[in-house]
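Structure (C-alpha cells):
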C-alpha cells in the first residue's frame with residue numbers, strides 16, 4: 001500500500017471551488033481553482049482535487065469549507081420540517097423576540113421556515129428552577145409525531161420551554177420520537193444548545209433540523225464519490241468557529257457549518273500573519289456585493305455568539321465574528337434625492353455585474369470606477385470568467401449617473417466613487433477595531449478574495465492602520481485555511497446562579513463530564529493530532545444586567561474557587577467597560593467548554609518565491625492611471641515573479657492571476673520571506 | 001452663527017456624513033452594552049447624537065437608538081442652552097448637564113438626559129447628548145407607569161437641568177440625590193455610568209475627527225447636511241398633491257375618568273411645505289396621557305420617517321413642516337400635568353398621520369399598527385420577604401400596506417425594543433406563562449391583511465401579587481385604510497373566583513389583586529387591513545384559514561368565501577359572489 005501523505009483543503013464558494021494540496025513529505029504545495037457546481041457541489045469538488053491529485057489513495061485527510069448549509073438557509077431551500085413543543089407555545093418561532101425587519105418603514109413580513117400547521121403541541125411543563133410540573137404526555141406525543149410524519153415532514157425539531165434547566169421531559173420525548181421517526185433527522189433543543197432564551201434555542205434547533213437532510217445528503221454523496229475515487233480516510237468539515245469537526249458530527253449538527261467558508265479564510269489569515277510576525281490583523285474579504293472584515297487580536301480570532309442569517313433567522317452557535325457591509329465590486333454608485341453620492345447597498349453582484357461586463361447592468365459600480373481609473377486591466381480581468389472588460393461602457397455609466405450631475409470629469413467621478421466606497425470600508429474597519437477599544441495603528445489589514453487588494457492601500461491612510469499584508473495567494477486563502485485549521489469542539493450549558501450560590505463541586509463535575517465527551521470526539525478521529533488543549537469559560541454579569549462578559553476560568557485547581565472566579569470576572573469586566581461596580585453581586589449565567597485537537601503546523605515559508613527576479617525584471621507594462629486628481633504613468637508588475645526583499649514605491653500596480661494590488665501614491669511595498677507583500681506608508685518608516 | 005463660505009466638495013461631505021453617523025452609533029452601542037436595566041440593554045430605549053452649538057438643532061443621530069428620541073433630543077439641548085442664557089452664563093469645557101424635566105425638552109420622568117458641550121480650539125463645536133430610560137425614578141408605581149397619576153409628582157422625581165459635572169469635576173451630591181429616590185439604585189447607578197461612558201467616547205471620537213478635518217470644514221459639513229436634509233424633505237412633499245386632508249382617532253380614556261380623548265389632524269400640502277394642524281384635538285386631561293410640545297413634534301418626525309424612509313435624522317427635515325399645536329391641549333401641556341403614559345398618545349398621533357397620508361396617497365401609507373405599549377406590571381413579595389417587580393411591554397400586529405400583509409407580533413413604531421424571553425422572566429419572577437401565542441382573527445381583514453396580535457396568559461406562583469396595566473385601544477381598534485378593516489381591540493382580563501373580569505377602565509388599571517394559581521390574560525390588537533377583504537386572493541384566504549390566522553366565520557362573513565357541503569371552499573360560488581360585491585362597490589363610488 002502506498003503511503004498517504006497529502007493534506008487537501010477544499011473551499012467551495014458561490015463562484016469558485018478552490019483547492020489547496022500540501023505534500024507533507026516533500027514539503028510542497030499545489031493550488032487550483034475550478035468553477036463551483038451549484039446543483040451538486042461534490043462534482044466540482046472532485047474535479048478540483050483531481051486536477052492536482054490523480055490518485056486519491058495518497059490523500060491523508062481532506063478538510064472542507066462548505067457553503068451548502070449557508071446557501072440552503074439564505075435561499076430557504078431547507079427540508080420539510082415539523083416542530084413538537086410545549087402546550088401553549090407553538091408560535092414562539094413565528095413571534096420571534098417581537099422585532100421588525102427595518103427600524104424605519106414598518107414594511108416587510110416574516111415567513112418562518114416551519115409553518116403554523118406543522119408546529120404541534122404536547123402537554124408537559126418544567127419551571128426555570130428545574131422542577132418538572134407536568135411529565136410529558138407520551139401518548140399525545142405519539143399522535144402528534146405521527147401527524148407530522150403523515151404530512152410528509154422529513155425532519156423534526158423538539159423544543160420544550162425551560163428545558164435548559166432540566167431536560168428530563170425533552171429526553172423522554174426524544175427517545176420516543178427516535179423510535180417513531182424513520183430517519184436520523186431529529187434535532188433536540190438541549191442537544192443543540194442547552195442555553196436559556198427560548199426563541200434563540202428554538203430557532204437554532206429548527207434551523208438545524210431544516211438543514212439536516214440537505215447537508216447530510218450532500219456529505220453522504222461527497223463521501224461516496226470520494227470513496228469511489230479510492231479515498232477512505234477522514235473528511236473534516238470547517239465549523240463557523242474556525243475549528244474542524246468530523247463528517248459524522250457535521251451531519252448531526254449542520255447548523256455549525258453556517259459560516260464555514262468565511263471562518264476558514266480568517267483561520268488562514270491568522271496563520272499567515274503569525275508566521276510573518278503579524279499577530280494583530282484585520283482580514284478583509286471583498287466580494288461582489290459585500291465587504292467582510294474580521295479582527296485577529298494578539299493572535300486570537302474574535303468570536304460572536306450568534307448571528308441572523310436573515311430577519312428572524314437566528315443562529316446561536318459560537319462563530320468567528322465577521323462584520324459585513326454592503327460595499328463590494330458590484331456595489332452601485334448613485335446620487336440620493338438631495339444629490340449626495342452614495343455607494344451600495346444596492347449591488348449588481350456578479351450577474352449582471354458591473355457595467356463593463358456588458359451583461360446588461362447600466363449603473364456604475366465600484367469595479368467600473370477601478371477600471372476607468374486604470375487600476376484594473378481591460379485585457380486581463382481576474383477570475384477567468386471574461387476575456388476582456390468594456391471600459392467605454394463604464395465611462396458612459398459614470399458620466400451619465402454621477403459625474404455630469406456633479407459637474408466633474410469622468411475620472412474625478414470615478415475617483416469620487418472609490419473614495420466613498422473606501423470610506424465605507426474604513427467604517428467597517430473602525431467598527432471592528434476602534435469600537436472594540438483597539439487602536440487601528442496596531443493592526444494590519446490582510447485582504448483576501450479577488451477585490452480587496454485594490455482598496456487596502458487607501459484604507460491604511462484612511463483608518464491609520466499600521467500596514468497591510470497581502471498573502472501570496474489571496475484567491476485560495478480559504479482553502480489554505482482548511483489545511484491549517486485544528487479540530488475544535490465546544491459546548492455551552494446554562495447555570496444561572498449567583499456566584500455565592502454556586503455548588504462548585506457538582507458544577508466542576510459537570511464541566512469535567514462535558515469536557516471528556518468532547519475529548520472522545522477528537523481522540524476517535526482518524527487524524528494526526530499533536531496535543532489536546534482545554535479552555536473553560538463562564539458567561540458572567542452583575543445581577544440585574546443582561547449582557548454578559550466572557551470570563552476565562554482556570555480548571556486545574558482541585559475545586560472552583562469563588563474568590564478566583566470573582567477576580568477573573570473583575571478583570572474581564574474592567575477590560576470591557578473600564579470601571580467596576582461595587583457591592584453588586586455577580587452571577588454565572590453559562591459555562592462553556594472548548595477542547596482543541598492541535599494538528600501539525602504548516603510551514604508558511606513554503607510560499608517564499610523560488611528563483612524570483614528583481615523588480616525591474618518583473619515590469620509587465622507601463623499604464624496611465626488616475627489618482628489624487630491627476631494622471632500618472634505607473635509600472636505594472638508581475639507580482640508572483642518578485643524576489644524576496646524586492647521593494648516597490650507607489651503609485652504602482654501589481655498583478656497576479658487571482659488579484660490586482662494597487663499601491664497608492666505615498667505607499668511602499670516589500671516582499672517578505674514568506675512571499676507576502678507588506679505595504680507601509682512611506683513617511684511612517 | 002457666522003458660517004465661513006468655504007465650499008465643501010460633495011465627496012468629502014459624503015465621507016464626513018458617514019464619520020459623524022458612526023460616532024453617534026458608537027455612543028448608542030457603548031450604552032447598550034454597559035447599561036444595567038433591560039429597558040436600555042435589551043429594548044434599546046436610549047439615544048445619542050450631535051446637536052448645534054447655538055440652536056440645539058439635531059445634526060446627526062445614532063441609527064440604533066429609540067426612534068421617538070430622534071426628534072425629541074434637540075429640545076433637551078435647547079433646554080440647556082435656554083438655561084445658560086437665563087443664568088447669563090457661557091458653556092464651560094467639562095460641563096455635563098443632567099435632567100428629566102418632561103416639560104422642558106423631555107418625554108416622561110423615566111428618561112434621563114445628559115448634555116455636554118464639546119470644545120475644540122477653545123470654541124464650542126457642538127453638544128453631545130445621551131438619553132436613556134431608567135428602571136425606577138420614584139413615584140407611586142414601581143417602573144413609573146402610573147395610570148392614575150394626576151400630577152407629575154406621583155410619577156417620580158423631577159430634575160430640572162443641573163450640572164452633573166462642572167469643568168470636569170463630578171458632583172457626587174447630585175448622584176446621591178438621584179440614588180436616594182429610586183427603588184433600584186444599583187440599576188440607576190449602572191445606567192448613569194453607561195451614559196457617561198457614551199459621552200466620553202463620543203467626545204474622543206469627535207476630537208480625532210476635528211483634528212483630521214479641522215473646525216470650520218467640519219462645521220460646514222454639518223451645515224451642508226442640514227440643507228440637504230431640508231431639500232430631501234421638500235422634494236418628498238412636492239411629490240404629493242396639494243390639498244387639505246383630515247383624520248381623527250381616539251384614546252380610550254385618561255385613566256381617571258372614562259371619557260374618550262380626541263387626536264385630530266388637518267394636514268395641508270402646500271407645494272413643498274406641509275402643515276400639521278392638531279387644533280381640533282382634546283384639551284389637556286387629568287390623567288397621564290398628556291404630552292409636551294416637544295414630544296408632539298418628535299412623534300410627527302417618527303411618523304414622517306416611517307413614511308419617507310430615506311430622510312436623515314437631521315433638523316433640516318423639519319424645516320418645511322409647520323406645526324399648529326394648541327397651548328394647554330393634550331398635545332402641549334405644562335407642569336404639573338402628568339405625562340407618564342406619553343407612549344400611548346404619540347402612537348395615536350402616528351396613526352392619524354398614517355390615516356391622513358392614506359387620504360393623500362394610499363400606496364405610500366400603511367394601516368394603523370396595534371397602537372399600545374401595554375405596560376404590564378406584576379409585583380409583590382416572595383416568601384423570603386424580598387420584593388419583586390415584573391414590568392414589561394407587549395407586542396402586537398403591524399398594519400397592512402399596498403403590497404404586503406402586516407407583520408405578526410411586531411414592536412411599536414416608536415421603538416425597536418425586543419421583548420424579554422419568557423424563560424428569563426420565569427427565571428427572575430414567580431410567574432408561569434400558560435400561553436404565549438398569536439391571536440387568531442386579530443389582524444384587520446383586507447386585500448392585504450393586518451398582522452396578528454398576541455395572547456399572553458400569565459399565572460402567579462406566589463401567594464399574592466398586585467397587577468397594574470397601562471394600555472390603550474380597548475375601545476377604539478387600530479383602523480384599516482383603503483377599505484381595509486379594523487383590527488381586534490386590546491383585551492385584558494384577570495381571574496377571580498368566578499371567572500375572568502375586565503378592568504373598569506378597560507385598558508388601564510392599578511391594584512388588581514391576584515392569588516396563587518390565578519391568571520391574567522392580555523390579548524393585544526393586530527394591525528389594520530389594506531383594501532377590501534373580498535379582493536384578497538382565495539389561495540391566501542385559504543392559507544390564512546389553514547394556519548389558523550383567521551377563523552372559518554371570518555372567512556365566510558368578512559372574506560365572503562362560500563363553502564360547499566364538505567366544508568371546502570366553493571371557488572365558483574365565491575368568485576361569483578365577490579364579482580357582485582365589486583360591482584355594487586363600483587356603482588356606489
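Chains as they are written, first to last, in this note's numbering: chain L, 1 to 685; chain G, 1 to 589.
Beta carbons are placed, not taken as given, at the ideal position from N, Cα and C, and that holds for glycine.
- Interface annotation, residue 147 of chain L: not in contact with chain G, CB-CB separation never under 8 Å.
- Residues of chain L with a Cβ closer than 7 Å to the Cβ of residue 22 of chain G are, in chain order, 427, 430.
- Under the Cβ distance rule, residue 509 of chain L does not count among the residues neighbouring chain G, no pair being separated by less than 8 Å.
- Excluding sequence positions up to five before and after residue 24 of chain L, its CB lies within less than 8 Å of the CB of 5, 6, 7, 60, 600, all in the same chain and listed in chain order.
- Runs of the beta strand (DSSP E) lying entirely within the segment 220-291 of chain G and spanning at least 3 residues, in chain order: 243-251, 261-270, 273-277.
- Interface criterion not met: the Cβ of residue 460 of chain L is under 8 Å from no Cβ in chain G.
- Close partners of residue 36 of chain G in chain L (Cβ separation under 9 Å): 542, 544, 545, 546, 581, 584.
- Looking only at G:483, G:267, G:180, G:531, the smallest Cα-Cα distance to residue 324 of chain G is reached by G:267.
- Interface criterion met: the Cβ of residue 436 of chain G is under 8 Å from a Cβ in chain L.
- With a threshold of 16 other beta carbon atoms within 10 Å, residue 137 of chain G meets it and is buried.
- Think of a sphere of 8 Å around the beta carbon of residue 104 of chain L: the chain G residues whose beta carbon falls inside it are 67, 305, 306, 309, in chain order.
- Per DSSP, residue 9 of chain L is one residue of the beta strand (DSSP E) stretching across 6-12.
- It is roughly 14 Å from the alpha-carbon of residue 212 of chain L to the alpha-carbon of residue 114 of chain L.
- Under the 10 Å beta carbon count, residue 342 of chain G is surrounded by 16 or more other beta carbons and is classified as buried.
- Residue 370 of chain G is not a Cβ neighbour of residue 279 of chain G, given a cutoff of 8 Å.
- Residues of the segment 158-173 of chain L that bring their beta carbon within less than 9 Å of a beta carbon in chain G comprise 161, 162, 164, 165, in sequence order.
- Proximity to residue 120 of chain G across G:142, G:91, G:145, G:113 peaks at G:91, based on C-alpha coordinates.
- Under the three-state reduction of DSSP, residue 239 of chain L is assigned to coil, being neither helix nor strand.
- Scanning the segment 245-287 of chain L from its first residue to its last, the whole beta strand (DSSP E) runs of 3-plus residues come out as 281-286.
- The count of Cβ pairs closer than 8 Å, one atom from the segment 293-304 of chain L and one from the segment 320-336 of chain L, reaches three, so the stretches are in contact.
- Sequence-distant partners of residue 103 of chain G (beyond 5 residues in either direction) whose C-beta falls short of 6 Å from its own C-beta, in its chain, are 292, 334, 335.
- Assignment of residue 368 of chain G by DSSP, reduced to helix, strand and coil, places it in the coil class.
- With contacts defined by Cβ atoms closer than 8 Å, residue 269 of chain L and residue 448 of chain L form a contacting pair.
- For residue 361 of chain G, no Cβ of chain L is located within less than 8 Å of the residue's own Cβ.
- Within 10 angstroms of the beta-carbon of residue 359 of chain L lie fewer than 16 other beta-carbons, which makes it exposed.
- Along the segment 500-532 of chain G, there is no position whose C-beta sits under 8 Å from a C-beta of chain L.
- Residue 420 of chain L has a beta carbon lying within less than 8 Å of a beta carbon in chain G.
- By the 16-neighbour rule on beta-carbons within 10 angstroms, residue 217 of chain L is exposed.
- Neighbourhood of residue 338 of chain L in chain G, by CB distance below 7 Å: 228, 231, 232, in chain order.
- Three or more beta-carbon pairs drawn from the segment 382-392 of chain G and the segment 415-429 of chain G are found closer than 8 Å, and the two stretches are therefore classed as touching.
- Note on geometry: alpha-carbon atoms of residue 492 of chain G and residue 476 of chain G lie some 14 Å from one another.
- Any Cβ of chain L closer than 8 Å to the Cβ of residue 570 of chain G would place that residue at the interface, and such an atom is absent.
- Against chain G, the CB of residue 342 of chain L has a partner CB under 8 Å away; the residue lies at that interface.
- In chain order, 551 place their CB closer than 6 Å to the CB of residue 568 of chain L, counting only its own chain and leaving out the 5 sequence neighbours on each side.
- Taking the Cβ atoms as the reference, residue 671 of chain L lies roughly 6 Å from residue 677 of chain L, within the contact range of under 8 Å.
- Under a criterion of Cβ atoms nearer than 9 Å, the residues of chain L adjacent to residue 235 of chain G are, in order, 337, 338.
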